[in-house]
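J.:
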Amino acid sequence: MAHILSPPDGAAYLDPEEVFRRLREEFDYTAIDRDEGADVVGEIVAKLVELNAPQEVIDFQRASQDRAIQVVIANDATSDDYLQFTVKPNNGIFIGYSSSQHESATRRLVERCAQVLNYQINLL
1 MAHILSPPDG
11 AAYLDPEEVF
21 RRLREEFDYT
31 AIDRDEGADV
41 VGEIVAKLVE
51 LNAPQEVIDF
61 QRASQDRAIQ
71 VVIANDATSD
81 DYLQFTVKPN
91 NGIFIGYSSS
101 QHESATRRLV
111 ERCAQVLNYQ
121 INLL
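When we follow UniProt numbering, the leftmost residue of the sequence shown carries the number 1, and every step to the right adds one.
#1: Does the Cβ-Cβ distance between residue 68 and residue 88 come in under 7 Å?
#2: Any idea if residue 57 is buried or exposed, counting beta-carbon neighbours within 10 angstroms, 16 or more meaning buried?
#3: Could you please give me the residues that DSSP links to residue 96 through a beta bridge?
#4: Residue 51 to residue 1, Cα distance in whole Å?
#5: Can you give me the C-alpha to C-alpha distance between residue 31 and residue 110, rounded to a whole angstrom?
#6: Comparing C-alpha positions only, which one of 6, 105, 117 sits nearest to residue 75?
#7: Going by DSSP in three states, residue 109 sits in which element: helix, strand or coil?
#8: In this structure, does DSSP put residue 66 in helix, strand or coil?
#9: Between which residues of its own chain and residue 27 is the CB-CB distance below 8 Å, once the five residues before and five after are set aside?
#10: Could you give the distance in angstroms between the alpha-carbon of residue 23 and the alpha-carbon of residue 83?
#11: State buried or exposed for residue 132, treating a residue as buried only when at least 16 other CB atoms are found within 10 Å of its CB.
#12: Looking only at DSSP bridge pairs, what is residue 23 linked to?
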């Protein structure tokens with residue numbers, strides 16, 4: 001199972017740096033990795049090319065690569081209950097889980113993310 005966080009209809013996506021700024025204020029532990037964010041988008045682009053996706057889809061992802069950031073959030077640095085996701089410009093935040101237990105354990109983190117970003121939580 002997975003969720004995607006996105007702004008309500010008609011609202012604009014927050015810039016990745018603004019997303020991280022808000023999350024940093026909300027959570028006791030946050031980490032950012034710009035290189036990993038770019039690598040994740042690079043892997044997505046490679047897969048889209050392999051799947052022969054429409055060029056506009058590939059171009060949209062490529063355009064976000066330089067500004068994508070990988071984020072980790074938790075209540076504290078030693079917690080096993082954390083979320084890790086990539087934030088890209090003009091994209092929802094995809095949150096995947098390693099197990100149903102991980103999903104249950106991090107549900108409150110997802111809710112807090114959505115609240116601080118003023119985003120909706122949608123089940124995928």
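Don't be surprised by glycine CBs; every beta carbon is placed ideally from N, CA and C.
T.: Judging by the given coordinates:
#1: yes
#2: When all chains shown are included, residue 57 counts as exposed.
#3: 2
#4: 23 Å
#5: Taken atom to atom, the span from the alpha-carbon of residue 31 to that of residue 110 is near 16 Å.
#6: 105
#7: helix
#8: helix
#9: 73, 74, 75, 109, 112
#10: 12 Å
#11: Given that the chain is displayed from residue 1 to residue 124, the structure contains no residue 132 and the question cannot be resolved.
#12: Partner(s): none; residue 23 has no beta bridge.
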